[in-house]
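Residue numbers (the numbering used here): 181 to 396. So the structure is just underneath, and the comments pick up after that.
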Amino acid sequence: MTSALPAPDGLIFDLDGTLWDTNAVCAQAWNQAAKKLGYEVRPVGEEDLRRVCGLAHRECIRRSFESLDEAQVDALSTLTEAEDNAAIAEHGGRLYPNVVSLMTELAQRLPLFIVSNCQAGYIEIFLAQSGLAGSVRDFECWGRTKASKSENLRSVIKRNGLTAPWYVGDTDGDRTAARDNAVKFVYASYGFGALHEWDARIDAFGELAGLLAAPA
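Below is the structure:
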C-alpha cells in the first residue's frame, strides 16, 4: 500500500478485477454463444478474458475472436451480452475477499459508485448477488451509454456533485479514465492489469480501509 491521498468525497469502483472475477463463467458463455451462431472459432478460456478485461464488451469480443469479421463481431457481442448476464445470474462470480464487508462499512461514511465497461444489466447482477445494492448510490457502464470509461466516469462525477473522488481500478484504462477526469487513481494490483503509475496502490481490497484512514 502506498502513500496517503487527500480525503475523498466519494469512492468510484471499477468492477471486473476490482470487486469480483467472472472470467471463468463468461468464457463458457462466450464459447456457447459462438457455437449457437455457427462460428468455427478457437474456444476462449479464462486467461484469454483476463487479457482483454477492462475494454468495452464489443472490443473484448473482437480481440478474443480475431478470425471474425466486423458483422460477426457485432452479432456475437450482442448475443454474449445476454449470455453473460444469464450465466452470471445463475452461477455468480468470485467476489474478492472483504469486498462486501468493507463496502457495506464504507457506505456509512462515503457515497460509493461503480463505473465499468461492462454490458447493460451486469452491474445490477453484481449488486443483487453481493447484496450491495443498498450501498452503491449510482453507477454507469458502456452497455447503457456506449461511451468511453472516461466519459462515463465524468457523468457519474457530475451528476453526483463530486469534487474529489478516488477511482479504484486495476487496468490502464481505469488509470486513463481517472487521469482524464483529474481524480486520484487507486491501483488494485490484485486484479488483471500490470501498471507502473498510480496515485496509491492496494494489494488486497481490505487495504483500502487503511488508505482511507491514513493522514493526508
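Cβ coordinates follow ideal geometry from the N, Cα and C atoms, glycine included.
Counted within 10 angstroms of its Cβ, other Cβ atoms place residue i as buried (16 or more) or exposed
i    : result
P345 : buried
K216 : exposed
G218 : exposed
G197 : buried
H237 : buried
T260 : buried
P188 : buried
A308 : exposed
Opposing strand residues paired with residue i [DSSP bridges]
i    : result
C233 : L235
G349 : Y367
S310 : According to DSSP, S310 bridges with nothing at all.
W200 : D196 and L275
D318 : F293
L191 : L292 and W346
Close-in-space but distant-in-sequence residues of the same chain around residue i (CB under 7 Å, 5 per side omitted)
i    : result
R159 : Here the chain comprises residues numbered 181 to 396, so residue 159 is not present and cannot be evaluated.
R334 : N361
Proximity of residue i and residue j at Cβ, strictly below 9 Å
i    : j    : result
G349 : F193 : yes
I294 : L195 : yes
G386 : P223 : no
L312 : M283 : yes
G341 : G234 : no
W378 : Y370 : no
R231 : R243 : yes
G190 : L292 : yes
T325 : N332 : yes
Y347 : F319 : no
Cβ neighbours of residue i in the same chain (closer than 8 Å, five flanking residues each side left out)
i    : result
M181 : Low per-residue confidence applies at M181: pLDDT is 46, beneath 50, and the placement is therefore not dependable, though the value from the model is reported in the following sentence. Excluding residues within five positions, the ones whose Cβ falls inside 8 Å are A380, R381, I382, D383, E387, G390 and L391.
Sequence-distant residues of the same chain with beta carbon closer than 6 Å to residue i, five excluded per side
i    : result
K329 : N297, G353 and A357
R339 : none
I268 : T202, V205 and I305
V279 : L199 and F385
Quiz item: Between the region 287 to 305 and the region 203 to 212, do at least 3 Cβ pairs fall closer than 8 Å?
Solution: no
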